[in-house]
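The UniProt record's numbering numbers the first residue of the sequence shown as 1 and each following residue consecutively. Glycine included, each C-beta is placed from N, C-alpha and C at the ideal position.
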Amino acid sequence: MLDKMEKKKEGNKEGRKEGKKERKKERKKERKKERKKERKKERIQMNALDIILIIVGSVAAVAAGTGQPIIIIIFGQMTNSFVGTSLNVSTGRNKFLTNVLTLNVFHSHAYYFVGIGFAVLLCSFFEIWTFVIASERQTSRIRDKFFFAVLHQEMAWFDTTPIGTLNTRLTE
1 MLDKMEKKKE
11 GNKEGRKEGK
21 KERKKERKKE
31 RKKERKKERK
41 KERIQMNALD
51 IILIIVGSVA
61 AVAAGTGQPI
71 IIIIFGQMTN
81 SFVGTSLNVS
91 TGRNKFLTNV
101 LTLNVFHSHA
111 YYFVGIGFAV
121 LLCSFFEIWT
131 FVIASERQTS
141 RIRDKFFFAV
151 LHQEMAWFDT
161 TPIGTLNTRL
171 TE
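Structural data, given as structure tokens:
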């Protein structure tokens with residue numbers, strides 16, 4: 001009788017041990033799933049404002065880059081006007097009229113150069129400003145994530161890692 005009771009107790013103990021092992025396995029699986037979810041959340045994600053800033057900056061960069069070819073075209077037109085006015089002046093016909101026309105042509109080209117220069121200045125400003133703001137936002141987000149990850153390390157990690165490298169990594 002005692003043997004049967006001892007066998008039942010041993011069987012119950014083994015059953016409990018197996019149940020504990022199964023529960024541990026289930027907990028490990030749940031932890032892995034939770035870690036995967038946390039990793040997905042922890043990834044550095046750009047929000048809508050960063051995307052808009054990058055798109056606006058890219059459009060401004062393209063617009064600023066088109067200034068040089070437009071200036072080349074206007075410069076070509078201006079040199080053509082030099083050639084056209086020099087022929088009229090060399091023939092000696094109506095010098096006053098050709099001088100007035102030449103000045104008007106040169107003034108219009110000068111206004112084009114000033115306008116294009118101002119437009120390129122504005123586009124370049126918006127390009128740099130949007131890229132700087134977007135990069136600052138992303139850098140601060142990365143630093144926050146890194147700091148959060150450092151705080152959640154095991155104590156042994158702090159013993160093996162020199163103190164100065166943590167500060168350097170945060171400021172780089």
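*Hey, Gly67 and Ile116 are a contact pair by Cβ (cut 8 Å); roughly how many whole angstroms apart?*
5 Å
_Contacting residues, own chain, Cβ-Cβ under 8 Å from Ile74 (five flanking each side not counted)_ = His109, Tyr112, Phe113, Ile116
_Beta-carbon separation (whole angstroms), Leu49 vs Thr130, contact threshold 8 Å_ = Wrong, their Cβ atoms sit about 10 Å apart, outside the cutoff.
*According to DSSP, is Glu154 helix, strand or coil?*
coil
*To the nearest angstrom, report how far apart Gly57 and Phe146 are at their CA atoms.*
27 Å
*Relative to the alpha-carbon of Ser81, which residue among Glu26, Ile70, Ala60, Phe106 has its alpha-carbon at the smallest distance?*
Phe106
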